[in-house]
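S.K.: Dropping a structure here in structure tokens format, bear with me for questions.
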Amino acid sequence: IRVDSRTIYVGHRSSSTNEAFIPPKFCDNRIVSSKYTVWNFLPKNLFEQFRRIANFYFLIIFLVQVIVDTPTSPVTSGLPLFFVITVTAIKQGYEDWLRHKADNEVNKYPVTVLEDGRRIRKESEKIKVGDVVEVEEDKTFPCDLILLQSSRGDDTCFVTTASLDGESNHKTHYTVPDTEKDLESLNATIECEQPQPDLYKFVGRMHIYKTNQEPAVRSLGPENLLLKGATLKNTQKICGVAVYTGMETKMALNYQGKSQKRSAVEKSINAFLLVYLCILVSKALVCTTLKYVWQGKPGQDEPWYNEKTQREKDTNLYLKMFTDFLSFMVLFNFIIPVSMYVTVEMQKFLGSFFITWDKDFFDPEIKEGALVNTSDLNEELGQVEYVFTDKTGTLTQNNMEFIECCIDGFQYKYQDESSELDGLCVPDGPVSKLQQKAGREREELFLRALCLCHTVQVKESSEQGQAHEQRGFIASSPDEVALVKGTVVERSSMYELLHVLNFDPVRRRMSVIVRSKSGETLLFCKGADSSIFPRVKQEEVERIRMHVERNATEGYRTLCVAYKYLSEEEYAQADAGLREARLALQDREQKLMSVYNQVETGMSLIGATAVEDRLQEEAAETMEALQGAGMNVWVLTGDKMETAKSTCYACRLFQRSTELLELTVRTLEDGGRRREERLHELLLDYHKKAVQDAPPVKAGVTRRWSSANQDYGFIIDGATLSMVLNSSSESNASRYKNLFLQICQNCTAVLCCRMAPLQKAQIVKMVKNSKGCPITLSIGDGANDVSMILEAHVGIGIKGKEGRQAVRNSDYAIPKLKHLKKLLLAHGHLYYVRIAHLVQYFFYKNLCFILPQFLYQFFCGYSQQPLYDAAYLTMYNICFTSMPILAYSLLEQHICIEVLLDNATLYRDIAKNAMLRWGLFLYWTLLGVFHGLLFFFGVRFLFSNPALQDNGQVFGNWSYGTIVFTVLVFTVTLKLALDTRHWTWINHFVIWGSLAFYVFFSFFWGGIIWPFLKQQRLYFVFANMLSSVSAWLVIILLILVSLLPEILLVVFRKPRGPNARQIAPVTPLSYKHLKEDD
Amino acid sequence: MVKEVKELVNRPDNTAYTQQRLPAWQPMLSAGIVIPGFVSIGLVFIGIGVALFVTSQSIQVLEIDYTGVEQSSPCFKCSDQTGKKCDCVMNFDIDSLFKGPVFFYYGLSNYFQNQRKYSVSIDYNQLTGDLDYFTNPDDACFPFQNDRNKPIVPCGAIANSMFNDTFQLFQLVNGQKKEVPLDGKGIAWWTDYNTKYRNPSVTPLRNAFNGTVKPPSWPQAAYELDTEDTSNNGFINQDFLVWMRTAALPDFRKLYRRITEGDYASGLPAGNYSLEIVYNYPVLSFDGRKKVVFSNVSWMGGKNEFLGIAYLVIGSLCVLMSIVMLIVYAKFKFPEED
């Protein structure tokens, strides 16, 4: 039975002596991130591998070969399968070994545990829930602890959670109030919730038992909880009691892997696979049917020279048919390439290194390059149609600079410290006055509010006596640093901090309650205009609103500051409410929220501040490139509309000529009618404008290039979006959603402001599931972007300032927004072209491999006689033809990177999975069929007279197969050579090397009588083949005939028309463009 | 596939490979290359094609079907009896000199030597002279593995079905039969004869076969295949070797003899010939046909029209295509070329 809370006995001391103390069972403090142990590795890994449909298929084929009498030995399919399974197992084993190592490092880490007053060194994994653990400065916490005692005088300690969420600032944690200083005699129990993964939530209660006293109760919150993985800073040592250990710590609970994302290419592969499976089955069916038709003719079933055994004669006809069917399946099963999976995996794994290695992604500031969290999505980077970007920290630098403030409607601008200061202003505050100024007491109040209402820590510089410029500020929000930096006031006014009403994104404001020396109780509140304005006296609003709005349109982040005096009764009420809410075990959040809302009313507005958030480097260029590449860029931000809009203008997402379609609370309220009606009306109106009246977009040419068209930009805010998505009536909801999507799809840029994190994900999901299933990409840097990063097909994290959460949850992480351009336009494009070609080529080469074998059945009485020797069957995909395509899929640059970056439009040519469409697949399939037919019948006509040597001797069936196979290996390799447009020495090496290896292997394989072989089928077959002029001539003829149409096609398919230059490099095999760029 | 970059201060290597900047050759297929290429390939192909065609035309072939299906055929009397020895004579004329060396093939139609079950029915170890396998033939030979509990040597369907018609060729000179000497050497692959197949090293050879039986369809045992020449007996009998190299297609021919000796070294002169056939091999039960083929060979092997015609057609097509391309380019492309 799962209970809602757990009880922990601090130091394993029972609360009362008469109660029998039964230590509750909790899991130990061992972290197990590894999947396997030495013992279960083999079965577990094999089980997991064979759960993959392809591996399972090959296993079945292998088993059929073992059980049924089939034409090829089990080795032919068993060996490749074994190879694949072994390679994968080794890779996974190695990864797991690394995890084991990492686990051990954590689990064997020595820690100090206090037991009955003694300090005992233990291994970290031995910690039990209830142990009192001592942690020293700069050490990480071995498990989740409740802070009991700190070496700092003020009962606090500082912690960085860099390894948890990447936030490197120091966070303050508090000891449980009023606990005994002597931990040995502390007799307490902790009641807290069961483990849950949210890092920022924790509720608990501590009962402290003192002799002859009622037990005292203290509330515990996240500020008392020290998380495993965080590091102690600025504090000599602390003691804490373990509450969650091992796999129940919040870190471990958060470790759970992300859901697997699958790329569009993989879906295409599976679709193609299905087609080939159908081909395979139908081939087997055709052969089985024809076999029995053919055998029905007199004399054919059992000629005297090929007598059947008695057992064969007795076997049931249908059973025979079934085994024949299975045999044909086995014979043709090479059409589904087991090696393709290996090659694709290798290509993805090795290919992803090029992203990490790219020095253009290296950011000297943070000294880091790009990070690849998954290599499964490389090619998806070349398919992006929608880009959802966060604003703050992504489009902008999240590097705040104080610009100006306004107090009571008067404007103050920040100037360099060297500039003259207005004597009347605050003595050394870098705020100088413009024109008029407000009353001095208002100024002071404003500055005081800014000084008090924050969570900034002043980090004392080690050299004392230095001026205050030396101070560093560490705060939980970069906004605050900027503000405090802007208003450093050396003032020794003492205020007693009574309560902090923390910031949260729903309220969008924070408050502090302080008591001044004179005994007055004040509440200072700071927050977004929309959340402050309704809570202050309305007559004050207008003066400041003007400034706020002007600042917002200039692209600054604005904050409003308000205050109110609290009377004794008011304070007492608030104090009681807050304390009660903080103690609550259930629904603490809601209770706190209601108290907050209650207190933060009726304030008076003092002023507003404006902080500039500068654009990221090359943000505008990047956005322009993305749009040029045919991507729809949507900005999803929690910021207010005006700020976001100005950022959009600055990024050139909106142009001067862009007509903005607004769908916000403000436009909805304009008509003075019911919002719903107005929404309906606006949606229809916009839809008419942007969708119906717009001329139909021609494929390939988008609005941007036809200047006659009007550009539209669409703006929607969170409240309106939720109205669109959750309309009152069901029918309307889906209709609105459709209208909304259609409008958005016809706009060059869409801005969604005032978005909650979940809404961001909602939008991504909506677009993802809309018609045509476009590929989406989300890019963000903060924790609020995680949901959309996880939701989108490709999630990109920016290694920004707001912590590492986005990076950890992303598929790829880059240091700066500007890197997105190269990541998509160059890397994505190349990866897509590479893997698409890889997939098509693989299917092609296996089709023309197996087709002759199929055709041969018509000439061997449907007896499942293999055309090729078993060695060739096995080695074809493993050795002879695998390396060139792997090299191609790693190194090919059909267009060089610079050209790709310069011409964003090239990206459009591969949009919508262009290289894996059914049309192209059909082309490749027909090519395979053509080659297969050519190989087989070319040699067939040659063999109408098998006397091919000048000594009159004749060739047998293995010579036949070897000639076909030689033509095959050369043709498919040269076909790839023809497609390769970027010949590095590696390409040369593997292409010519593979062919040489084939020749060498054939000589070697045919040159020795192999003792382990039952039949020496190929003994000197290859050498004899080469001694025949006719064989040489037919091989050359067939190879050239196979490839010449390809070359012809290239020459005739050269694109014409105005866009030829852009399109030229992407059409397979037109080399023209490249040379020009060299 | 999660990779973690552990070292934070790792600037990526600035090498040509990691930055994808390996020097590369970027070939270009432009009209300037393709058209001359096609022309030259076309011309070379036409040249080869003409050579092949002329050569192939010069090869003489004479085919004689002796299955005996028609009543008029001299071998008709033999066609209905299976297994029993029967002789028949086919007479034929040669109008002009049949240039030598002449190769004497026998051909079988609708005969599936490439049947899977058939083609695996062989024990290679026996055929290398390994005596262990004489007493214990491989299971693959079934149903020609044991005959009444005695092991068959050589076992298996291929060996059992060895072609056993024999021929004698006579030139009729002034009513006299003049035997044309037939050379049974050099008809099998050199490697088959010298390395792949071996007789057991027992002399006399027949002792090695003690306790074994001959394949049921054979008239004589393996050690009696050529009693006159020990180097052509047993498993290295060249007729046997030729048969054991299974044919690729159901209509095939195999080399029987070469006519390289005596008066006939330079070919068969014009005249009347008589082919005396010992008709043993039954083919009508599975609707097969038997024939003998006389042919001379050239550097390209036996007569094969296909290669020459294919080379000519492809060569002409290449030239034709290059002309078409030239026209297309002259009309549309040349301004763009530079």
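As you go down the protein sequences, you meet chains A and B in turn.
Adding 5 to a residue's 1-based position in the first sequence gives its number in my numbering.
Adding 566 to a residue's 1-based position in the second sequence gives its number in my numbering.
We put the beta carbon where it would ideally sit given N, CA and C, even for glycine.
What separation, rounded to the nearest whole angstrom, lies between the Cα atoms of D874/A and P779/A?
M.R.: Rounded to the nearest angstrom, the two C-alpha atoms are 46 Å apart.
S.K.: To be precise: take each residue of the region 586 to 618 of chain B, compare its Cβ to all Cβ atoms of chain A, and keep it if any distance is under 9 Å. Which residues remain?
M.R.: The residues in question are Q586, R587, L588, P589, A590, W591, Q592, P593, M594, L595, S596, A597, V600, I601, G603, F604, I607, F611, I614, L618.
S.K.: Taking all protein chains shown into account, do 16 or more other C-beta atoms lie within 10 angstroms of the C-beta of N773/B, making it buried, or fewer, making it exposed?
M.R.: Result: exposed.
S.K.: Considering only their Cβ atoms, is the gap separating R759/A from G723/A smaller than 7 Å?
M.R.: In this structure, R759/A lies closer than 7 Å to G723/A by Cβ.
S.K.: Skipping 5 residues on each side, what residues in its chain have a beta carbon closer than 8 Å to that of I612/B?
M.R.: Y877, L878, G881, S882, V885, listed in sequence order.
S.K.: Would you mind listing the beta strand (DSSP E) stretches within the region 603 to 646 of chain B that are 3+ residues and don't spill past its ends, in chain order?
M.R.: Within the region 603 to 646 of chain B, the complete beta strand (DSSP E) runs of at least 3 residues are 627 to 631.
S.K.: Run the CB neighbour count on Y99/A, radius 10 Å, all protein chains shown included, and call it buried at 16 or more, exposed below.
M.R.: Under this definition Y99/A is an exposed residue.
S.K.: Under a Cβ-count criterion, where at least 16 other Cβ atoms within 10 Å of its own Cβ denotes burial, should D511/B be classed as buried or exposed?
M.R.: With chain B represented from 567 up to 904, any question about residue 511/B goes unanswered, as that position is not in the structure.
S.K.: Tell me, to the nearest whole angstrom, how far the beta carbon of R823/B is from that of L892/B; I am working on the premise that it is less than 8 Å.
M.R.: Rounded, the Cβ-Cβ distance is 54 Å, inconsistent with contact.
S.K.: Can you list the beta strand (DSSP E) stretches of 3 or more residues lying completely in the region 188 to 269 of chain A, in chain order?
M.R.: Runs found: 193 to 198, 209 to 213, 221 to 225, 236 to 238, 242 to 249.
S.K.: Is F354/A helix, strand or coil when you go by DSSP?
M.R.: Reduced to three states, the DSSP call for F354/A is helix.
S.K.: Taking a contact to mean a Cβ-Cβ separation below 7 Å, would you say Q352/A touches S894/A in this structure?
M.R.: The answer is yes: Cβ separation under 7 Å.
S.K.: Using CA atoms only, rank isn't needed, just tell me which of T240/A, G234/A, C197/A is closest to Q154/A.
M.R.: Measuring from the Cα of Q154/A, the nearest candidate turns out to be T240/A.
S.K.: Thinking C-beta only, is V1026/A closer than 7 Å to L821/B?
M.R.: Going by C-beta atoms, L821/B is not nearer than 7 Å to V1026/A.
S.K.: Which residue wins for smallest C-alpha separation from N760/B, given the options P781/B, K744/B, F801/B?
M.R.: Per the Cα distances, F801/B.
S.K.: Would you list, in sequence order, the uninterrupted beta strand (DSSP E) runs of no fewer than 3 residues that lie entirely inside the region 727 to 775 of chain A?
M.R.: Whole beta strand (DSSP E) segments, 3+ residues: 754 to 758.
S.K.: What is the DSSP secondary structure of R513/A, reduced to helix, strand or coil?
M.R.: R513/A falls in the coil class under three-state DSSP.
S.K.: Please confirm whether F848/A and F277/A have their CB atoms less than 7 Å apart.
M.R.: Contact: yes.
S.K.: Select from the region 734 to 768 of chain A all residues with a C-beta closer than 7 Å to any C-beta belonging to chain B, and list them in chain order.
M.R.: Listed in sequence order: no entries.
S.K.: What residues from chain B crowd round L947/A, counting only those whose CB sits closer than 7 Å?
M.R.: The answer, in chain order, is N870, F872, L873.
S.K.: Starting from F669/B, follow the alpha helix (DSSP H) in both directions and report where the run begins and ends.
M.R.: That residue, F669/B, is in no alpha helix (DSSP H); its beta strand (DSSP E) goes 668 to 675.
S.K.: Can you pull the chain B residues whose beta carbon is under 9 Å from the beta carbon of F46/A, in chain order?
M.R.: Those within 9 Å of F46/A in chain B number zero; the least Cβ separation is about 19 Å.
S.K.: Which residues bound the alpha helix (DSSP H) around S851/A?
M.R.: It is worth fixing the name first, because residue 851/A is Asn in this sequence and not Ser. It spans 834 to 861 - the alpha helix (DSSP H) in which N851/A sits, taken as one unbroken run.
S.K.: Who are the Cβ neighbours of T250/A in its own chain at under 8 Å, not counting the five residues just before and after it?
M.R.: Result list for T250/A: F31, C32, D33, N34, I132, K133, V134, C148, D149, in chain order.
S.K.: Taking 7 Å as the threshold (beta carbon to beta carbon), is L674/B in contact with chain A?
M.R.: False, the Cβ-Cβ gap to chain A never drops below 7 Å.
S.K.: For S675/B versus E871/B, is the C-beta distance shorter than 7 Å?
M.R.: For S675/B and E871/B, no; Cβs fall outside 7 Å.
S.K.: If we ignore side chains and look at the alpha-carbon of each, how far apart do L684/A and D790/A end up?
M.R.: Roughly 28 Å separates the two Cα atoms.
S.K.: Where does the unbroken alpha helix (DSSP H) through A3/A begin, and where does it stop?
M.R.: Residue 3/A lies beyond the residue range present for chain A, which begins at 6 and ends at 1083; the question has no answer from this structure.
S.K.: Residues in its own chain within less than 8 Å of Q786/B by CB, not counting five upstream and five downstream?
M.R.: Cβ neighbours of Q786/B beyond the five flanking positions: K780.
S.K.: Is the beta carbon of R447/A less than 7 Å from the beta carbon of D413/A?
M.R.: The answer is yes: Cβ separation under 7 Å.
S.K.: By the three-class DSSP mapping on this structure, what secondary structure does C283/A have?
M.R.: If DSSP states are grouped into helix, strand and coil, C283/A belongs with the helices.
S.K.: Which of helix, strand or coil does DSSP assign to Q734/B?
M.R.: Strand at Q734/B.
S.K.: Give a yes or no on whether 7 Å exceeds the smallest Cβ distance from K364/A to chain D.
M.R.: Going by chain labels, chain D is absent from the structure shown, which instead holds the protein chains A and B.
S.K.: Excluding the 5 residues flanking N691/B on each side, which residues of the same chain have their C-beta closer than 6 Å to its C-beta?
M.R.: Y699.
S.K.: Taking the C-alpha atoms as reference points, what is the distance between G634/B and V844/B?
M.R.: The straight-line gap from Cα to Cα measures roughly 13 Å.
S.K.: Please list, in chain order, the residues of the region 736 to 759 of chain B that have any C-beta partner in chain A closer than 9 Å.
M.R.: The residues in question are G752, I753, A754, W755, W756, T757, D758.
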